[in-house]
Each structure stands twice: as structure tokens, then as C-alpha cells.
Amino acid sequence: MSAGFDLRSSKPLLLAGIGNPDRGDDGFGPAVAARFSKLSLPNVETIACRRPLDLLDRWQGRRLVILVDAALPHERPGRLFRLEPLRQKVAPAALSSTHSLGLFEVIALGRTLDLLPHRLVLYAVEALGFSPGAALSPLVAAAVGKAVRRIARECRAA
1 MSAGFDLRSS
11 KPLLLAGIGN
21 PDRGDDGFGP
31 AVAARFSKLS
41 LPNVETIACR
51 RPLDLLDRWQ
61 GRRLVILVDA
71 ALPHERPGRL
81 FRLEPLRQKV
91 APAALSSTHS
101 LGLFEVIALG
111 RTLDLLPHRL
121 VLYAVEALGF
131 SPGAALSPLV
141 AAAVGKAVRR
151 IARECRAA
């Protein structure tokens with residue numbers, strides 16, 4: 001949790017889909033953000049961004065930020081998981097990133113600069129591939145709807 005968080009903040013919740021839609025499963029975050037935005041939930045801002053570093057200015061002062069990203073493949077492509085990186089110990093290797101400055105490095109930078117939101121939730125899918133010009137793999141594409149439903153439930157409960 002960020003010491004700079006103001007409980008009186010009226011900033012909406014933020015859903016940020018991270019990734020490049022032109023690199024196969026790296027497009028998972030933007031695909032979830034695009035589908036989620038069609039729900040038009042009140043008090044939720046939805047964005048897509050290619051780099052986690054772009055989030056530092058966007059998440060400061062927010063009560064809840066939900067990030068959606070693709071993780072490098074380990075065992076089960078298409079597996080969706082949820083973490084709270086500010087509350088749980090997570091080995092950065094567990095969520096290796098395709099981004100030059102990964103999400104966990106950006107969280108560490110946000111902590112140092114006191115720019116973190118009050119609560120940060122990460123939904124990640126285990127990806128299959130990141131080939132330039134490729135579409136989402138079928139296993140990862142199937143996880144988009146599941147992620148949207150889970151995130152919508154979480155936003156409504158927040």
C-alpha cells in the first residue's frame with residue numbers, strides 16, 4: 001500500500017491491459033481491456049498500454065488498480081491466475097515478463113517513489129507464444145472471457 005494514497009480520492013478504479021496486440025499472446029491484456037470496456041461499469045477507467053512503466057502516473061492515488069498481462073509459459077498455457085503483488089510475496093521469476101522493464105521492477109520503482117495505488121491486483125494468463133504478427137493462441141483467447149467475468153465481479157464488489 002502506498003503511503004501517498006488519499007482515502008478521499010475520487011479517482012475511479014483503473015483496469016489496465018498491458019501488452020502488445022501485435023505479438024501473439026502478449027495481446028491478452030489489451031484484449032481483456034477492450035472487452036471489459038464494453039461493460040461500461042461506473043467508476044472504472046479502462047486503458048490499454050504496451051509498457052508497465054506507462055502506469056506509474058496513472059495508478060497513483062487510486063483505491064484499486066487491476067492489471068491484466070501475459071506471463072511467459074511455464075506449464076499450462078491458458079491458465080489464468082490472480083495475485084496481489086503489494087500483499088503477497090511473489091518471486092519475479094514466477095511472472096517473467098516480455099517487457100523491457102517488467103511489472104515487478106515498475107512496482108518496486110513505484111514503491112520507492114511513493115506512487116503506488118492503495119491496492120493492486122494482477123490477473124495474468126500463462127501464454128503460449130509471442131511471435132510478431134501472430135494472433136492470440138486459442139488457449140489464451142479462451143481465457144479472455146473468463147478474465148473479464150472475474151474482473152467485473154471484483155470491480156462490482158470494490
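Under UniProt numbering, residues 1 to 158 are what the sequence shown spells out, in order. The C-beta atom is built at its ideal place from N, Cα and C for all residues, glycine as well. Quantities reported herein were computed from a predicted structural model and do not represent experimental measurements.
Contact check, residue i vs residue j, beta carbons under 8 Å
| i | j | result |
| --- | --- | --- |
| G24 | S137 | yes |
| A71 | A124 | yes |
| L80 | K11 | no |
| L101 | L56 | no |
| G19 | R58 | no |
| V121 | E84 | yes |
| P30 | V65 | no |
| P73 | E126 | yes |
| F130 | D54 | no |
When the options are compared against residue i, the one with the closest alpha-carbon
| i | options | result |
| --- | --- | --- |
| F28 | D69, R58, P52 | D69 |
| L15 | D22, L56, L67, R63 | L67 |
| N43 | F104, G110, L128, R63 | R63 |
| E75 | L139, P85, V144, P21 | L139 |
| I47 | G78, L13, P77 | L13 |
| A152 | S131, S37, G78 | S37 |
| L128 | C155, D26, P77, R111 | P77 |
| residue 164 | D22, L41, A135 | With the chain running from 1 to 158 in the structure shown, residue 164 is simply not present. |
| D22 | R150, K89, A135, R156 | A135 |
Whole-angstrom C-beta distance between residue j and residue i, which should lie under 8 Å
| i | j | result |
| --- | --- | --- |
| P35 | V106 | Looking at the sequence itself, residue 35 is Arg, so the reference to Pro does not match. No, R35 and V106 are not in contact; Cβ-Cβ is about 24 Å, not under 8 Å. |
| P52 | L103 | 5 Å |
Cβ-based burial, residue i [other Cβ within 10 Å; buried from 16]
| i | result |
| --- | --- |
| A142 | exposed |
| G133 | exposed |
| L113 | exposed |
| G17 | buried |
What ranges does the alpha helix (DSSP H) occupy inside the region 41–126, keeping only unbroken runs of at least 4 residues that lie completely in it? Scanning the region 41–126 for uninterrupted alpha helix (DSSP H) segments of 4 residues or longer gives 56–59, 103–112, listed from N- to C-terminal end.
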